[in-house]
Every structure is written in C-alpha cells, then in structure tokens.
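Only one structure is covered here, and it is reproduced in the block below.
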Amino acid sequence: MQPTPQPFRGNMHDIVIQVLGVAGLLALVSFLPPLAARFQMPYTVLLAGVGVALGAVIQTFAGMPGKGPFHDFLASLAELDVSSDVLLHIFLPILLFETALAVDVRRLFDDLGPILLMAVVAVFVCTFAVGYAVSLFTSLGLVACLLLGSIVASTDPAAVIGIFRDLGAPRRLTTLVEGESLLNDAAAIALFTLLLDMLTRKATGGAGAAALDFLRDFSGGVVTGYICGRIVCMLVEPVRNQPMAEITLTVALAYLSYVLAEHYVGASGVVAVVAAALVIGSVGRTRISPATWGAMEHVWQQLGFWANSMIFLLTAILVPRLMADAGWAEVGLVLVVVLAAFAARAVVLFGLLPILSWAGLAQKVSNSYKSVMLWGGLRGAVSLTLALAVTENFRVADRVQSFIAVMVTGFVFVTLFINGTTLRWLIRLLKLDELTPVEHAMRNRALALSTDSIRDRVAAVAETYEVDGVVKDVMVARYEERRKKIDQERKEEAQLTGEDRVTIGLVILVNREEELYYAHFSEGVVSRAVMEMLAGRSGRLLDAVKSQGRNGYRAFEEPFIAFSPWMRAASWLQRRFGIHRPLARRLSMRFEVLVAVRTVLRELLAFTRDRLARVLGQEVAFELEGMLVGRLGIVEQALSALKLQYPDYAVVLQSRYVGRAALRLEHAEYRAMHAESIISQEVLTDLERDLEQRRRVLERLPKLDVRFDVAELVRRVPLFAGLPSERVATIATLLRAQLALPGETIVRKGDRGDAMFFIASGAVEVLVPMLAEPVKLGTGDFFGEMALLSRQRRNADVRALGYCQLLVLDEKDFRRLVQKDADLQSHIQAVAEARRQPTQSSPAVPAVS
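The sequence shown begins at 21 in my numbering and counts up by one.
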C-alpha cells in the first residue's frame with residue numbers, strides 16, 4: 021500500500037503560507053519609503069505606525085473564517101513565530117554590521133571621548149535613573165526596575181540619521197549619534213544580560229563582579245570582532261576580483277563574529293559584530309577589490325534596509341497584544357520612564373560632557389548639538405527585541421513580563437511618535453540645517469563656477485540638437501539670471517579671510533589627495549600595502565591641517581619622508597650580517613610610496629591651477645601651489661637619493677612599477693574587446709588567467725644585490741687610471757670603511773683635506789658655492805681626490821642624503837705607499853701635472869678637494 025501524501029501537503033501548505041506572510045511584508049515595506057519622503061516623516065516612525073495598525077487588523081480579523089490570499093496573509097502573520105532569538109540572531113547582526121560599515125572610523129576616533137561617554141556612562145546613568153524612579157511607584161523589586169532601565173537605555177539611530185541626511189545636518193553631529201548608537205547597544209545588552217541573570221537567580225556576586233563581567237564581555241567582544249575582521253581581510257585575498265565571493269565573506273563575517281563571541285568566547289556578540297565591521301570599513305577597502313567595494317556597500321545598504329524594516333514590523337505587530345491590558349496606571353508609569361530617561365540623558369549631556377571637554381579629553385560640543393542629541397534619543401528595534409526576550413523567559417514572573425512589555429512598548433512609541441516627529445522642527449529651530457558663513461561662501465563660489473560652465477554647455481547642447489534660437493536664449497537667460505543672483509549674495513556675504521581660504525584649500529587638497537591614491541590603487545598601479553600606508557598618512561595629514569592649518573601641512577611631510585626605524589633596522593641588518601631581504605622590501609615600498617606621492621602631487625598642482633584657483637582665488641591658489649611645490653621638492657630629493665644609492669635596484673623597481681600599470685592597461689583592453697564582441701568569454705578567461713600569472717611573477721620581491729668591487733671603484737678615479745691591477749689591489753687594501761648617517765656632513769668647506777672618499781653604497785650632495793644646485797653623487801662615485809695630491813682646504817660641503825657606506829683612503833697612508841713605489845710616484849706626478857694644465861672644456865662635475 022502506498023503512503024498517503026496528505027501530511028506532506030499539509031506541511032507544504034504551511035510553508036507556502038509562511039512564505040506568503042514574509043513576501044507580503046516585504047511588498048508592504050517597499051511602498052513605505054516613498055510615503056515617508058512624501059509626508060516628510062521619519063521612515064522608522066511610519067514603519068512603527070503601519071506595524072501597529074497591521075497588528076490591530078490581525079487581532080481583529082485573523083481568527084475569523086475565510087479564504088483567499090489576504091485572509092491567508094493575516095493568518096500567516098498571526099501564526100508567525102516571532103521570537104527574540106530569531107530577531108537577535110538573524111536580523112540584529114545584519115543591522116549592526118551595516119550601520120558600523122557606513123561609519124567613518126577616522127571621524128569616530130576624533131570624537132571617541134564623547135561617544136564612549138554617551139555609549140557607556142550614559143547607559144549606566146539611564147539604567148539606574150529609570151530603575152530607581154520606577155521603583156518608587158511600583159511594588160516590583162529594584163532588579164526588575166533596573167532591568168527595565170537597561171532595556172530603554174539603548175538608542176536607535178535609524179530615524180534620527182534619516183532626518184539628519186534629509187536636512188543636511190552637520191557631519192560631526194551625525195558621527196556622534198551614529199557612534200553612540202553603535203556602542204551603546206553593546207553596553208545595554210551586556211547590562212541587560214547581567215540584570216536578567218540576577219532576576220532569574222542565575223548570577224552570583226555583587227556590583228564588583230557585575231562590573232568585571234561587563235568589562236570581560238565588552239573587551240572580549242572587541243578582541244573577537246577584531247580578530248575575525250582581520251582573518252576575513254586575509255581570506256579575501258585568494259578570492260580577489262570575485263565580487264560574489266568577497267561580498268559573501270562579509271555577510272558570513274557578520275554572523276560568525278556574533279555567534280563565536282556569544283556562544284564560544286562568552287563575550288558580547290554585539291560588540292564583536294561592530295568591531296568586525298569597523299575593521300572591514302577601515303582596512304577592507306584596500307583588501308577587497310575596488311570594483312567590488314561599491315557593490316558591497318549597495319548590498320549591505322539593502323540588507324540593512326530589510327533587517328531594520330522586518331525587525332520593526334515584526335515587533336510592532338505584537339504591540340496591540342502586549343498593550344491589551346494596559347490602563348491609566350501603566351500610562352502614568354510610562355511617563356515616569358520617559359521623564360527619568362531623558363533627565364538622565366540631560367545630566368550626561370549638559371553635566372558630564374562639559375567636564376570631559378574642560379579636561380582636554382574631547383573637543384567641545386555645542387549646546388545646540390547637545391539639545392538635538394537629547395531630543396533625538398529615540399528607542400527602537402533593540403529595545404523591543406529585549407522586551408520580547410523577557411516575555412519569553414519562563415523564569416521571569418508573569419507580572420514582571422507584562423510590566424516590562426507595556427513599559428518598553430509605551431516608551432519606544434512615545435519617543436518615536438513625539439520626539440521623532442518633532443526632531444525635524446527642532447533642528448530647523450536651532451538652525452543646524454543652515455550652512456556656516458564659511459560653508460555658505462564656499463557654496464556661492466562653487467555655484468558661480470558651475471553656473472558659468474553649465475550655461476556654456478546648455479548652449480552647446482542646444483546647438484547640437486538644433487533647438488530653436490528662442491528656446492536656447494530662454495535657457496541661457498535663466499542661468500544668466502541665476503548668476504546675477506549668486507553674485508548679489510556674494511556681495512552681501514561675510515568675506516572669508518585669507519587664512520580661512522588657505523585652510524579650506526588645504527582640507528580640499530588633502531581629501532582630493534586621498535581620492536587620487538585610491539584611484540591609482542583601483543587601477544592596479546599602487547599596491548595594497550602602500551595604499552594602506554598612504555591612506556593612514558592622509559588621515560594624519562588632515563588632522564594636522566585641521567589643528568594647525570598651513571603650519572601643520574608644512575611640518576608633516578619631512579618626518580614622513582625621513583627614514584623610519586624599520587628602514588634603519590633593515591639597513592643595519594644588511595650592513596652587519598648581509599641579510600638583504602628586509603632592506604629590499606623596505607626599499608621597494610619606499611620607492612613605490614615616493615613615486616605615488618610624486619605623481620599625486622603633480623596631479624594636485626594641476627587641480628589647484630584649474631579648479632581651486634577659480635573657487636578660492638588666484639592668491640590662495642598661488643600659496644597652495646607653493647606648499648605643494650615644497651612637498652614635491654622633498655619627495656624628488658628623497659627619490660633621487662634612492663636612485664643614486666641603489667641605481668641597479670632602482671631600475672628593477674621602476675620596471676616593476678611600470679609593469680604593474682601595463683598589466684592593468686592590458687586587462688582593460690581585453691575587457692573592452694570582450695564588450696565589443698571581438699573576443700569570446702572563453703578567450704577573455706584565458707587571457708585573464710595569463711595576466712594573473714604574470715602579475716604574481718611581477719609581485720615577487722626583486723633581489724637586492726649591493727655587492728661592490730673595491731678594485732673597480734679605485735680604477736674609476738682619474739688619478740689611478742691606467743695603473744696595473746696589482747697596484748690597484750694594493751691601494752684597495754688601504755681603504756677603511758666609514759658609515760655616514762642621513763643628513764650628516766661628511767666634509768666641510770674650509771677644512772684641510774686629508775682623505776678621499778669612495779661611495780660604496782649611498783648618495784651624497786656636494787654644495788659647491790658657485791653652483792645654483794648641489795651636485796649629487798651616488799653609489800660608485802668618489803670625492804675629495806685632490807687631497808691626495810695636495811692637502812689644500814676643502815672647497816665644498818658634502819652631505820649624506822641617506823645611509824652611506826663609504827671607503828676612505830687616508831692621505832698619509834697613500835703617501836707612504838707612493839714613497840715605496842717609484843713607478844706609482846712617477847704616475848701620480850704625471851697625472852698631477854696634467855691636471856694643472858688648463859683645458860678647453862670644463863668637467864661636468866667639478867673636482868672636490
């Protein structure tokens with residue numbers, strides 16, 4: 021007898037109904053963003069309202085008999101198992117990772133003090149303030165009231181950040197709110213877990229033990245997330261240029277970091293997810309292929325939108341059921357929670373934050389920023405999820421479950437429907453949506469520049485499409501009128517000082533410099549390691565400009581170009597023990613850094629002359645050009661010294677650099693041919709495979725060979741030209757080694773000459789008084805040879821440009837040798853006599869005594 025298929029069909033029907041419910045919610049969500057934009061309402065607020073309305077409809081109609089897709093949709097939502105575990109393990113990692121990935125880590129660390137104060141201290145202050153305030157009006161225990169305080173202490177930035185972006189709020193205000201919400205989720209959840217354990221009699225110890233547990237959870241989460249993030253940054257290398265694989269790795273990272281920290285390390289999964297996302301946001305841009313990075317950002321924005329929408333809808337649907345038994349007493353307690361929570365937040369913002377600024381631990385935060393942060397302390401998905409977790413815990417008394425559910429739900433919706441809907445008005449009242457005088461002046465300058473360009477382009481387009489002259493004249497007249505209006509505003513605006521314009525120009529240049537580095541990296545010319553170094557350097561340079569203006573900009577480049585401790589250590593290993601690989605690696609990176617900086621500085625010079633001069637004025641552009649030229653000169657000098665010190669290796673490095681660019685051009689050409697159907701996909705794949713093999717060969721570190729032939733160095737000196745090999749070898753035995761450090765003066769003008777020098781490795785500059793530019797000598801060159809003929813005084817300073825391995829021939833040793841060798845003495849006298857005779861042509865490089 022065949023088994024009946026009815027059970028399978030029943031299960032299949034249940035799955036179909038559940039799919040219908042989820043798909044219906046996604047379809048509903050897709051219509052809400054345009055509605056929110058149309059009514060100028062925060063998306064989260066509209067989402068919560070729709071969720072509550074949908075929950076009320078489900079409560080009313082889901083149990084009634086009926087058929088059809090709409091009835092099944094309501095029934096599926098009524099039967100949907102929305103547990104806190106589902107929300108915490110499926111949606112929360114995605115929500116946190118997406119938010120942290122979009123944070124500018126550099127800006128986050130600029131305001132780390134205020135962010136940590138609001139994310140950690142404010143959570144504890146809010147927890148205890150709400151807990152003690154509510155305990156005065158209820159017979160529930162203090163621990164239950166503190167548990168409520170920890171749940172409502174976590175802020176939700178989704179609605180606030182949306183309003184900020186719509187109104188163009190200051191970037192620093194957005195960073196403060198984003199940073200607080202990222203980290204206070206972790207603090208609130210960790211504190212919630214401790215209090216829930218205490219309430220269910222699972223925790224032991226007092227406040228000290230609880231504090232240690234909190235620190236362990238927080239620090240353990242940071243370490244776990246950081247390690248996971250770095251591991252993914254390494255794993256992404258083998259799958260580079262495979263967008264689907266790279267993006268999938270980041271999705272896996274969000275869940276793995278959460279699960280590993282929460283269930284295996286015993287730390288905070290929330291902190292781990294945030295730390296991992298910050299690592300990817302700061303380091304991953306140079307590890308993940310440039311083509312994938314933009315696609316990954318779009319994918320995560322989509323995932324974050326789905327997670328935020330679903331977590332809000334699924335929790336809001338439960339609100340009518342949770343609030344069914346609420347009365348006026350509960351309404352009064354909700355007001356107590358609201359007053360206590362915002363009073364605690366005000367104490368931290370207006371009481372503790374100024375102390376932090378006064379102590380020099382943070383930049384000052386204006387009162388208008390504090391007011392918006394106070395009123396913008398909206399609660400949302402995390403608070404509702406934690407409340408749901410309490411209602412599902414059978415160890416918590418029913419009375420406490422009901423109390424937590426009603427208080428949290430009421431508090432969240434008060435903040436959403438009152439604070440969320442009036443926050444836009446508050447920002448406008450405080451004029452935080454308006455540009456500063458400096459920004460307004462820059463806006464008008466940029467508008468004037470673009471208006472002229474667009475007017476000319478509109479006229480050209482009209483001629484191309486043979487538009488009637490009347491239409492063309494009307495369009496051009498509109499832009500002429502707009503230009504006149506802008507000029508009038510510029511006359512009325514506060515004039516920028518020269519120093520303001522210079523600082524603005526420097527900030528633009530530094531940001532543009534970083535963009536150009538990333539552009540060269542995306543073209544495959546700049547390597548990943550160098551890109552990471554240059555990106556970090558751009559961040560430090562921007563900080564120097566913001567704090568010290570032009571002085572910070574001028575003072576920054578010299579230490580960067582100077583030899584690093586790692587370079588000094590690598591040179592020492594090579595000189596002392598003959599270990600070449602560390603020095604080869606450092607030289608390769610130094611060469612690539614110098615070439616990249618030089619290339620970008622030249623591009624910035626053109627950018628300054630072409631764009632900034634028209635926006636900031638010719639005088640400011642001239643100053644900016646001067647600073648760029650100064651930096652370019654330092655870089656050119658360092659690059660020249662490198663080529664002089666290691667001439668053969670410099671040729672190899674240059675070939676490697678150009679080869680990398682050539683491979684990138686080849687790849688682009690093959691892609692273009694495939695797009696034009698000249699070659700098939702199979703041919704393209706084969707060509708790309710060949711390119712990859714050649715790229716790997718090219719990326720191998722070239723061998724550094726700094727061996728030198730002492731006898732050959734001696735033969736190059738005109739004084740010893742034509743000597744037999746045995747006499748050259750005898751002279752070579754008299755040479756002694758001397759190390760010159762970068763910047764060290766080897767000989768001084770006016771000193772009596774008592775030795776000549778051979779440059780075995782390194783580079784020097786000869787500062788001849790009558791020459792406009794120093795004479796530069798490198799490996800294999802020599803100087804001071806006239807000291808062997810007559811101990812006359814030095815005619816120039818000679819200074820080391822880098823580490824120089826010199827071989828010194830002392831004049832006294834040489835004279836003793838000459839006195840013993842009559843033939844050598846005759847040869848030296850003949851050469852000296854010849855050099856004393858006037859010649860028709862001057863030597864290219866003057867003899868250095």
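All C-beta atoms, glycine included, are put in the ideal place defined by N, C-alpha and C.
Keep in mind that this is a model prediction, so the values were computed, not measured.
Check	Outcome
Going by DSSP, what residue range makes up the beta strand (DSSP E) through residue 700?	That residue, residue 700, is in no beta strand (DSSP E); it is neither H nor E in DSSP.
Whose CA, out of 530, 606, 570 and 340, lies closest to the CA of residue 73?	340
Taking only runs that begin and end inside the region 226-256, name each unbroken alpha helix (DSSP H) of 4 or more residues, in chain order.	227-255
Excluding five sequence neighbours on each side, which residues of the same chain lie with their C-beta closer than 8 Å to the C-beta of residue 850?	none
Pull the bridge partners of residue 765 from the DSSP assignment, please.	819
Taking residue 304 as the reference, which of 366, 417 and 549 has the closest Cα?	549
Considering only the alpha carbon of each residue, which of 263, 412 and 645 lies closest to residue 6?	Outside the shown range of the chain, which is 21 to 869, sits residue 6, and nothing can be said about it.
Compute the distance between the beta-carbons of residue 748 and residue 740, then report whether it is under 8 Å.	yes
Thinking C-alpha only, which one of 241, 209, 360 and 386 is nearest residue 296?	241
Cα separation between residue 489 and residue 495?	10 Å
Using the Cβ count rule (16 or more neighbours within 10 Å means buried), how would you classify residue 790?	exposed
Using the DSSP secondary-structure output, state which residues sit across from residue 785 in a beta bridge.	796 and 819
In chain order, which alpha helix (DSSP H) runs of at least 4 residues are fully inside the region 501-563?	518-542
In its own chain, which residues sit with a C-beta less than 8 Å from the C-beta of residue 176, not counting the 5 before and 5 after it?	64, 201, 398, 399, 400, 401, 402 and 403
Using CA coordinates, which residue listed in 679, 475 and 216 is at the minimum distance from residue 409?	216
Residue 797 to residue 831, Cα distance in whole Å?	21 Å
Span of the alpha helix (DSSP H) holding residue 421?	418-434
Which word fits residue 95, buried or exposed, when buried means at least 16 other C-beta atoms lie within 10 angstroms of its C-beta?	buried
Run through DSSP, which three-state label would residue 829 get?	strand
Using beta-carbon positions only, say whether residue 481 and residue 523 come within less than 8 Å of one another.	no
Got a sec, what are the start and stop residues for the alpha helix (DSSP H) residue 124 sits in?	Note, residue 124: premise wrong, no alpha helix (DSSP H); not H, not E.
If you drop the 5 nearest sequence neighbours on each side, which residues of the same chain put their C-beta closer than 7 Å to that of residue 170?	147, 208, 211, 212 and 215
Specify, as a first and last residue, the run of the alpha helix (DSSP H) that residue 361 falls within.	348-367
Can you find the residues in the same chain that come closer than 8 Å, C-beta to C-beta, to residue 670, ignoring five residues on each side of it along the sequence?	611, 662 and 663
Where does residue 907 sit, in a helix, a strand or coil, going by DSSP?	The chain is shown from 21 up to 869; residue 907 falls before or after that span and cannot be answered.
Can residue 311 and residue 258 be called in contact, C-beta distance under 8 Å?	no
Going by alpha carbons, who is nearest to residue 447 out of 396, 422 and 504?	396
Excluding five sequence neighbours on each side, which residues of the same chain lie with their C-beta closer than 8 Å to the C-beta of residue 847?	742 and 743
Tell me the DSSP secondary structure of residue 109 in three-state form.	helix
I'd like the span of the alpha helix (DSSP H) that includes residue 694, first residue to last.	667-695
Using DSSP with H/G/I as helix, E/B as strand and the rest coil, what is residue 618?	helix
Does the region 817-831 come into contact with the region 766-785, if we say contact requires no fewer than three beta-carbon pairs (one atom in each stretch) closer than 8 Å?	yes
Using DSSP with H/G/I as helix, E/B as strand and the rest coil, what is residue 308?	coil
Short of 8 Å in beta carbon distance, which residues of its chain neighbour residue 546, apart from the five on each side in sequence? Order them along the chain.	537, 540, 554, 612 and 616
Which residues share a DSSP beta bridge with residue 267?	BP columns for residue 267 are empty, so no partner.
May I ask you to list the residues that DSSP assigns as paired with residue 758?	826
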